[in-house]
Amino acid sequence: MSRIKLENILFKPPRIIWHLVFWIVFISFFALVYGSFEEDYGRQYLILLTDAVLQIPAVYFTLYYLMPKFLFKERYIEFAIYLILLILLFSVLLWFNYVLVQDPIFWPDNGYEPHFLNFGKMLKNTTKIYPVLVLAIVIKWFKYWYREQKSNQLLVEEKLKAELNFLKAQVHPHFLFNTLNNLYALTLKKSKDAPEVVLKLSDLLNYMLYECTADTVLIEKEVKLLKDYISLEKIRYGDRLNISFNILGNAGGMRVAPLMLLPFVENSFKHGVSEEMDEAWVSIDLELKEEKLTLKVENSKSKHEERDDQFNYKQGIGLKNVRRRLELLYLEKHTLEMHDSLDSFLIILTLEL
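Using the numbering used here, the first residue of the sequence shown is number 8, and each one after it goes up by one.
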């Protein structure tokens, strides 16, 4: 016998084993209780075994027919009615069992001949059937509830995973669209920087397609991504763009969800550096300290911009996606502040890593 099969038998026994354990424990418990009255444990054990001949079909009819058909489908009234009828039926059968089997075998000389149709005794025998039925129903219901909870949890996790993959996938075309626009503008101007843009874009796409598949990446890689993106924007805007990128602290192996920082930087260039402005500026500060990341991105705004454009700072596709990703990945472990003034727009992101 292989080791795996042996482990399955020892740690994952077949269902029938658990059922046998249940009945052995149930019968043994009541045999000890009733047997203690007259110190007659052996006879009580045999009596309970004869009761179990009728209890077992009642229990399994309830577990595998009544519960799936009525209780699990939330047909509670019907389940209660059928359960009461079942208890009454098997109480009658248990009384017949006492009259025909138990009394002649276990009390042959007691001088008492029970009446076959004793309705009081029949009702009293409900105490022999409903305790085991209730116990079995509770165990089955708990098992069913646990499986439903586990199944629902798996469904939620799969849904969140699918949503995260969708949001992360949206970052790729959104970023690519903006970068291709930049490249198109350079080619129209016949700029000598166009080949360098193509090379850097190739590196960026390689990172996004092949290194962003993991749940988290090293912060150093995200920083390199930001630097490459900033280099592309510097080529595009030239001297009229003043940009500063400061990093405080040491990443020290810290990890973050991929493409979590880029949308904020990208947003600052998309909305903050317009063609109409003679000079524009972007300030980026990244602080890494004690498993905590703080990103501050501030950009200039034209004094002549419309309110709709200012509104787009907060409602762009990139920011909407990253907000949702933050809610899914860093719930109660992040803060996101947005400060919109007349001449600048500031985003402050804090993550607990």
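Beta carbons are placed, not taken as given, at the ideal position from N, Cα and C, and that holds for glycine.
task: Could you check what DSSP says for D116 in three-state terms: helix, strand or coil?
output: Translated into the one-based positions of the sequence shown, residue 116 becomes position 109. It is coil, neither helix nor strand.
message: Give me, in chain order, the residues of the same chain whose beta-carbon lies closer than 8 Å to that of A258; leave out the 5 immediate sequence neighbours on both sides.
response: Here residue 258 refers to the residue found at position 251 when the sequence shown is read from its first residue. Answer for A258: L225, I226, E227, V230, L295, listed in chain order.
query: Over what stretch of residues does the beta strand (DSSP E) that includes F126 continue unbroken?
result: Taking the sequence shown and counting its residues from 1, one reaches residue 126 at position 119. That residue, F126, is in no beta strand (DSSP E); its alpha helix (DSSP H) goes 126 to 131.
task: Check whether the region 87 to 99 touches the region 36 to 56, taking contact to mean three or more Cβ pairs, one atom from each stretch, closer than 8 Å.
output: no
query: What is the DSSP secondary structure of K256, reduced to helix, strand or coil?
result: Walking along the sequence shown from the start, residue 256 turns up at place 249. The amino acid occupying residue 256 in the given sequence is Gly; Lys does not appear at that position. Three-state DSSP puts G256 in a strand.
message: Applying the 10 Å Cβ sphere with the 16-neighbour rule, what's the burial state of S209?
response: Within the sequence shown, the letter at position 202 stands for residue 209. It counts as exposed.
- prompt: What is the residue span of the beta strand (DSSP E) that K207 lies within?
  reply: Stepping through the sequence shown from its first residue, residue 207 is reached at position 200. It is not in any beta strand (DSSP E) - K207 instead sits in the alpha helix (DSSP H) that spans 201 to 217.
task: Specify, as a first and last residue, the run of the alpha helix (DSSP H) that K228 falls within.
output: Residue numbering aside, residue 228 sits at position 221 when the sequence shown is read from its first letter. Residues 226 to 244.
message: Taking 8 Å as the cut-off, does the region 267 to 280 touch the region 324 to 339 (at least 3 CB pairs, one atom from each stretch)?
response: yes
- prompt: How is L343 classed by DSSP in three states: helix, strand or coil?
  reply: Taking the first residue of the sequence shown as position 1, residue 343 is located at position 336. The answer is strand: DSSP assigns L343 an E or B state.
- prompt: Straight-line CA distance for Q317 to R262?
  reply: Within the sequence shown, numbered from 1, the residue matching residue 317 stands at position 310. Within the sequence shown, numbered from 1, the residue matching residue 262 stands at position 255. The predicted model places Q317 with a pLDDT of 42, which falls under 50 and marks its position as unreliable; any figure quoted below should be read in that light. Straight-line Cα distance between these residues: approximately 32 Å.
query: In whole angstroms, what separates the C-alpha of F37 from that of I24?
result: Along the sequence shown, one-based indexing puts residue 37 at 30. Along the sequence shown, one-based indexing puts residue 24 at 17. Rounded to the nearest angstrom, the two C-alpha atoms are 20 Å apart.
field: Cβ pair count under 8 Å reaching 3, the region 63 to 77 against the region 127 to 145
entry: yes
- prompt: In three-state DSSP terms, what is E273?
  reply: Looking up residue 273 in the sequence shown gives position 266. The answer is helix: DSSP assigns E273 an H, G or I state.
field: For A287, the first and last residue of its enclosing beta strand (DSSP E)
entry: Taking the sequence shown and counting its residues from 1, one reaches residue 287 at position 280. First-last of the beta strand (DSSP E) with A287: 287 to 295.
- request: Apply the 10 Å Cβ neighbour rule to D246 and answer buried if 16 or more other Cβ atoms are within range, or exposed otherwise.
  value: The residue given as residue 246 occupies position 239 in the sequence shown. Exposed is the call here.
- request: State yes or no: is the C-beta of I84 within less than 8 Å of the C-beta of A59?
  value: Taking the sequence shown and counting its residues from 1, the one referred to as residue 84 is at position 77. Taking the sequence shown and counting its residues from 1, the one referred to as residue 59 is at position 52. No, Cβ-Cβ distance for I84 and A59 is not below 8 Å.
- request: With distances taken Cα to Cα, identify the nearest neighbour of Y89 among F271, W102, L100, L73.
  value: By one-based count along the sequence shown, residue 89 stands at place 82. When each option's Cα is compared against that of Y89, the closest is L73.
Backbone secondary structure at R331 - three-state DSSP: Along the sequence shown, one-based indexing puts residue 331 at 324. If DSSP states are grouped into helix, strand and coil, R331 belongs with the helices.
message: Counting C-beta neighbours from all protein chains within 10 Å, is the total for A221 16 or more, i.e. buried, or is it exposed?
response: Taking the first residue of the sequence shown as 1, we reach residue 221 at position 214. Exposed: under 16 other Cβ atoms inside 10 Å.
query: What residues in its chain sit with their C-beta under 7 Å from that of Q51, if we drop five residues either side in the sequence?
result: Reading the sequence shown from its first residue, position 44 is the one you call residue 51. Once the five neighbours on either side are set aside, the close Cβ partners of Q51 are A38, Y41, G42.
- request: Express the C-alpha separation of V272 and D292 in angstroms, rounding to a whole number.
  value: Counted from its first residue, the sequence shown places residue 292 at position 285. Counted from its first residue, the sequence shown places residue 272 at position 265. Cα-Cα distance, rounded: 11 Å.
message: By the DSSP assignment, the beta strand (DSSP E) with V40 in it spans what residues?
response: Residue numbering aside, residue 40 sits at position 33 when the sequence shown is read from its first letter. Here V40 belongs to no beta strand (DSSP E); instead the alpha helix (DSSP H) covers 22 to 45.
task: Please say whether I250 and D200 have beta carbons closer to each other than 8 Å?
output: Along the sequence shown, read from residue 1 onward, the residue named residue 200 stands at position 193. Along the sequence shown, read from residue 1 onward, the residue named residue 250 stands at position 243. Going by C-beta atoms, D200 is not nearer than 8 Å to I250.
- request: On the DSSP bridge assignment, give the partners of F352 in chain order.
  value: For this step, residue 352 is matched to residue 345 along the sequence shown. DSSP output for F352 lists N306, D347 as bridge partner(s).
task: Within 10 angstroms of the Cβ of K135, are there 16 or more other Cβ atoms? Answer buried if so, exposed if not.
output: For the purposes of this step, residue 135 is taken as the residue at position 128 of the sequence shown. Under this definition K135 is a buried residue.
query: Within 10 angstroms of its Cβ, does E305 collect 16 or more other Cβ (buried), or is it exposed?
result: For the purposes of this step, residue 305 is taken as the residue at position 298 of the sequence shown. By the neighbour-count rule (16 or more Cβ atoms within 10 Å), E305 is buried.
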